[in-house]
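To start, the structure under review is shown below, and the notes come after it.
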Amino acid sequence: MNEKTHLLVLDDEKNYLLVLEALLTDAGYTVTALNDPETGLAFLEESEVDVIVTDMKMPKITGREVLEQVKKNWPHIPVLIMTAFGSIESAVEVMKYGAFDYITKPFSNDELLLSVHNAAELSRMHRQYRVLRENLEERYGMHQIIGKSRAIRETLSMVDRAAPSRSTVLISGESGTGKELVARAIHFSSPRNKGPFVSVNCMALNPGVLESELFGHEKGSFTGAVAMRRGRFEQAGGGTLFLDEIGELTPELQVKLLRVLQERRFERVGGTEEVEVDIRIVAATNKNLQEEVEKGNFREDLFYRLNVVHIALPPLRERREDIPLLVAHFVDKLARENGVTPKTFTPEALDYMTGYEWPGNIRQLQNVVERCLVLVSGDTIRVDDLPPELRDEESQLKSAVDLLPVQLDLADTLERIEAALIRRALVRADFVQVKAAELLAISKSLLQYKLKKYNITGH
Ligand SMILES: Nc1ncnc2c1ncn2[C@@H]1O[C@H](COP(=O)(O)OP(=O)(O)OP(=O)(O)O)[C@@H](O)[C@H]1O
Ligand SMILES: [Mg+2]
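Under full-length UniProt numbering, the sequence shown has 242 at position 242, and the numbering climbs by one with no breaks.
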C-alpha cells in the first residue's frame with residue numbers, strides 16, 4: 001500500500017541522467033528525469049513531487065536557482081544537490097540556502113541512495129504531518145458543532161467573529177454542553193491554528209501542583225524540582241491555552257493569572273527571570289462567574305479580563321430542536337467509530353429523546369446513542385431499548401410541563417389537562433368506557449361523572 005516516493009531528477013548531461021534514472025528506478029522510486037531545469041520547474045507546478053535531486057552546474061538555470069525557486073514555492077520538498085568535485089564553496093552555500101544535502105561527484109551509488117532515502121523519509125514525515133494537521137482541523141473545526149437552534153447559530157457566529165483575534169474568551173455552560181468543543185473550534189479556526197492547543201483543568205490538580213503546572217519551575221525551586229520545567233503557559237506559546245474549570249482557581253493563582261493576562265509575562269516558580277509569552281487564553285466554567293464575583297469567591301478584575309468575549313452555552317433542554325440533529329450526527333459518527341451499522345430511532349423513541357431533561361446535556365445524549373448502537377440488535381431502536389432514566393414518567397411529565405407557560409390559571413389548566421387526558425384514553429380505548437376507565441385507573445362511574453362534567457360525548 002505504501003505509495004512510491006516520486007523523485008524529480010535534473011541534470012543537463014543526458015547520459016548521466018539515464019544512469020541516475022535507472023539506478024533510482026531500480027531502488028524502487030518513481031523517477032521523472034529531465035535535462036532541462038526550466039521544464040523541471042514547470043513540472044513541479046502540476047505534479048506532486050516528494051524529493052528533488054538536481055545537478056549544480058547547468059547552463060540556463062543553476063542548481064542554486066532551482067533551490068531558490070523550490071524554497072519559495074514548495075518549501076516542503078527536500079532538495080538534494082549534486083556538485084562537481086572541487087566546487088566545495090558553493091556546496092556550503094547551497095546548504096546555507098536550505099538544501100537538504102549535497103553530494104560531490106563522483107559519488108558511489110550507495111552514497112546517493114542513502115541521501116535520497118533520508119530525503120524521502122523527511123518528505124514522508126512532512127506529508128504525514130500535513131495529514132495529521134488536516135485531520136485535526138477536520139476533527140475540531142466549527143462544522144463539528146451541530147445544531148440549528150438560535151442559540152447554536154449565535155454560538156457559531158461568536159466563534160467565527162472571535163477566532164481571528166487574540167481576545168480572551170470565556171465560555172460558560174453546564175457540564176456536557178460543549179465548552180471544550182467550542183474552545184477547540186476557536187483555536188482551530190484562528191490564525192494560531194498551527195500552534196499548539198494546550199488544555200489545563202484547574203480542578204484536577206491541587207493548587208501547589210497547578211501553579212508549577214501552569215508556570216513551570218526553576219531547577220531546585222522545591223524538593224523534587226530536579227530540573228527546570230516549562231509550564232503550560234510556555235508550552236502554549238504561539239497557540240491557545242485552554243483553562244478549564246476556571247472558577248476553581250485559588251485566590252493566589254487568580255492574582256498570578258491576572259498578571260499574565262495584563263502583561264503577557266510571568267516568572268517560573270522559584271525563578272526571578274521573566275518569561276514572555278504569546279498566547280491566547282480561552283477559559284471555561286460551569287459556574288456562574290458573575291455570581292462567584294458577587295459572593296467574593298472570584299476576583300472582579302480577573303473576571304473582566306477573562307470576560308472579553310463571552311460565549312454562554314445553553315443546556316440541551318433549552319434547545320430541544322437540536323436533539324434530532326444531534327442524534328443523527330452521533331448515530332453516524334459513532335457507528336463509524338465503533339464499526340457497527342447505523343440504526344434508526346423510531347419516531348416514538350425519538351420523541352422520548354426529545355422530551356427528556358438531559359441533565360448531562362450533549363455528553364449524556366452521546367452516551368445514550370452509543371449504548372443503543374452497541375447493545376441493540378437489529379437496525380431499529382425502539383422506546384423499550386432506551387435506558388430506563390429516559391422512560392421515567394417523572395421526567396416525561398416534567399418536560400410536558402415545561403411546554404406550558406409559567407404564568408397560568410392553575411385550576412383551569414388542570415381541568416383542561418384532565419379533560420384532554422380523558423379524551424385521549426377514550427380514543428385509545430375505542431370509546432369503550434370500561435377500558436378507558438382502566439387506562440386511567442379510575443372507576444367507571446367516576447369516568448362517567450367526568451365525561452358529563454367536561455361535556456365529552458361518545459365519538
Ligand atoms: N453542538 C455539538 N455538536 C456536536 N457534538 C457536541 C456538541 N456539543 C458538545 N458535543 C459533544 O459532546 C461531548 C461533550 O462536550 P464537551 O466535552 O465539549 O463539554 P463540556 O462543556 O466541556 O463538559 P464538561 O463541563 O463536563 O467538561 C463531546 O464529545 C462533544 O464533542
Ligand atoms: Mg469540558
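Just so it is clear, CB atoms sit at the ideal spot from N, CA and C, and this is done for glycine as well.
- Residue R382 holds the alpha-carbon nearest to the alpha-carbon of F345 among M203, R382, L156, L243.
- DSSP places E276 in the uninterrupted beta strand (DSSP E) bounded by 274-276.
- When the Cα atoms are used, Q396 and Y352 turn out to be separated by approximately 8 Å.
- According to DSSP, residue pairing for T346 in a beta bridge does not occur.
- A residue is called buried once 16 or more other Cβ atoms fall within 10 Å of its Cβ, and Y97, having fewer, is exposed.
- Cβ contact annotation for A283 (same chain, cutoff 6 Å, sequence separation greater than five): L170, L243, I246, L306, in chain order.
- The segment 419-433 makes no contact with the segment 376-393; the number of CB pairs closer than 8 Å stays below 3.
- Here DSSP, grouped into helix, strand and coil, assigns L24 to helix.
- Here the segment 220-238 makes no contact with the segment 177-184; the two share fewer than three CB pairs at distances below 8 Å.
- Set against 7 Å, the gap from the CB of T341 to the closest heavy atom of ligand 1 is not smaller.
- DSSP places S167 in the coil class of the three-state scheme, outside both helix and strand.
- When DSSP states are grouped into helix, strand and coil, K105 belongs to the strand group.
- For the pair K14 and E21, the Cα-to-Cα distance works out to about 10 Å.
- From the listed residues M95, V116, Y102, R64, the smallest Cα separation to K4 is found for V116.
- Here K57 is near A84, since their CB atoms are less than 8 Å apart.
- Counting only the Cα atoms, S199 lies some 21 Å from E263.
- For K287, the distance from the CB to the nearest heavy atom of ligand 2 is not below 7 Å.
- Within its own chain, the residues whose Cβ lies closer than 7 Å to the Cβ of V340, once the five positions on either side in sequence are excluded, are L373, V374, listed in chain order.
- Within the same chain, and ignoring the five residues on either side of E274 in sequence, the residues whose Cβ sits closer than 8 Å to its Cβ are R265, F266, E267.
- Just so you know, the alpha carbons of R320 and L8 end up roughly 57 Å apart.
- Put simply, the backbone Cα of K398 is about 10 Å away from that of L404.
- The straight-line gap separating the alpha-carbon atoms of L44 and Q69 is approximately 10 Å.
- In the three-state scheme derived from DSSP, where H, G and I count as helix and E and B as strand, V200 is classed as strand.
- Between I311 and T155, the gap from beta carbon to beta carbon is short of 8 Å.
- For S157, the three-state secondary structure derived from DSSP is helix.
- T39: member of the alpha helix (DSSP H) spanning 37-46, first to last residue.
- Taking C-beta atoms under 8 Å as the contact rule, F215 and F233 qualify, at a distance of about 6 Å.
- Residue pairing from DSSP places H310 in a beta bridge opposite L170.
- Not one heavy atom of ligand 2 lies closer than 7 Å to the C-beta of A151.
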